[in-house]
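Be aware that the sequence shown starts at 18, since it is given in the numbering used here, and climbs by one per residue. All C-beta atoms, glycine included, are put in the ideal place defined by N, C-alpha and C. First the structure, in the form of structure tokens, and then the observations on it.
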Amino acid sequence: MVKESDPSTNERELILSGIKESIRLDGRGMDDFRPLKITLGPEYGRSEVKLGATKVLAKVSCEVTRPFPDRPTEGILTLNTELSPMAFAGLESGRPSEEEVLVSRILEKAIRINRAVDVEGLCIVANELHPVDQRNPVPLSIHHTPICVTFAFFENGDLWVVDPSLKEEQIRRGDMTIAINNHKEICVLSKAGGIPLEMSTIIQCSRLAASKVEWVREKIQSAIVKASEAEKRKTSREMIIDD
Numbered sequence: 018m019v020k021e022s023d024p025s026t027n028e029r030e031l032i033l034s035g036i037k038e039s040i041r042l043d044g045r046g047m048d049d050f051r052p053l054k055i056t057l058g059p060e061y062g063r064s065e066v067k068l069g070a071t072k073v074l075a076k077v078s079c080e081v082t083r084p085f086p087d088r089p090t091e092g093i094l095t096l097n098t099e100l101s102p103m104a105f106a107g108l109e110s111g112r113p114s115e116e117e118v119l120v121s122r123i124l125e126k127a128i129r130i131n132r133a134v135d136v137e138g139l140c141i142v143a144n145e146l147h148p149v150d151q152r153n154p155v156p157l158s159i160h161h162t163p164i165c166v167t168f169a170f171f172e173n174g175d176l177w178v179v180d181p182s183l184k185e186e187q188i189r190r191g192d193m194t195i196a197i198n199n200h201k202e203i204c205v206l207s208k209a210g211g212i213p214l215e216m217s218t219i220i221q222c223s224r225l226a227a228s229k230v231e232w233v234r235e236k237i238q239s240a241i242v243k244a245s246e247a248e249k250r251k252t253s254r255e256m257i258i259d260d
């Protein structure tokens with residue numbers, strides 16, 4: 018696998034000089050996300066997110082199993098993250114990259130450890146393994162919805178951008194990801210090394226992240242409404258055909 022080449026000295030200077038003038042190579046503002054598109058379906062449990070040229074596919078599946086002995090009234094929630102080598106040349110096939118491990122840890126903290134999903138609602142019968150048809154289907158209960166916002170920092174930390182591009186990530190001196198839920202609570206604040214940050218910078222980024230989370234949540238709600246309307250139209254057509 019060919020490694021992703023680092024930016025040249027000229028590229029670094031161009032990116033940094035642009036950020037100092039509040040100009041990014043892709044034309045975004047310092048606190049702008051890349052264009053976001055969320056698509057749900059066509060089958061249940063499938064969603065696709067496009068953030069600029071980055072594509073993410075999420076798939077939810079389930080199976081009936083026995084609860085853990087120490088938590089007999091709770092279902093089991095497992096998160097798996099996989100970054101494809103097709104994403105960019107820096108990823109190697111067959112072994113998890115540092116990026117993949119970091120993303121997995123953040124999602125694990127934001128969703129499972131913060132109990133975003135009601136795992137008790139996943140339990141069919143305490144301590145037992147029963148056929149799924151012994152319980153009527155019920156909607157999955159979500160306590161809250163953590164959404165992540167990533168910042169990249171440059172020079173001594175006074176310069177930073179939201180949702181860094183690949184080139185910006187390659188020349189950053191530090192980064193930080195903040196997960197905030199719909200109650201405006203910080204679920205995760207992840208800073209894996211890099212330059213130290215002033216508390217005022219962290220507070221400023223947290224406030225900005227809260228506003229960006231609202232924007233993302235509106236996109237999610239819009240996608241849910243579109244998927245629901247599409248499902249209603251499909252059901253209506255099936256009823257007409259049956260008649």
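- Taking C-beta separations shorter than 6 Å and ignoring five residues to either side along the sequence, the partners of Val136 in its chain run Glu91, Gly92, Leu94, following chain order.
- In this model, Ser223 and Ser207 are separated by some 12 Å (Cα to Cα).
- Going by beta carbons, Arg189 and Ala209 fall outside the 9 Å limit.
- The C-alpha of His161 lies about 16 Å from the C-alpha of Ile123.
- Within the region 152-225, the complete alpha helix (DSSP H) runs of at least 4 residues fall at 183-188.
- The C-beta distance from Ser182 to Asp23 rounds to 14 Å, too long to fall under 8 Å, and the pair is not in contact.
- In the DSSP assignment, Thr71 is bridged to Leu68.
- Counting other Cβ atoms within 10 Å of its Cβ, Lys229 reaches 16 or more and is therefore classed as buried.
- Judged by DSSP in its simplified three-state form, Arg234 adopts helix.
- The distance from the Cβ of Ile32 to that of Glu185 is about 6 Å, consistent with a contact at the 8 Å cut-off.
- In terms of Cα proximity to Leu119, the closest of Ile195, Leu225, Ile237 is Ile195.
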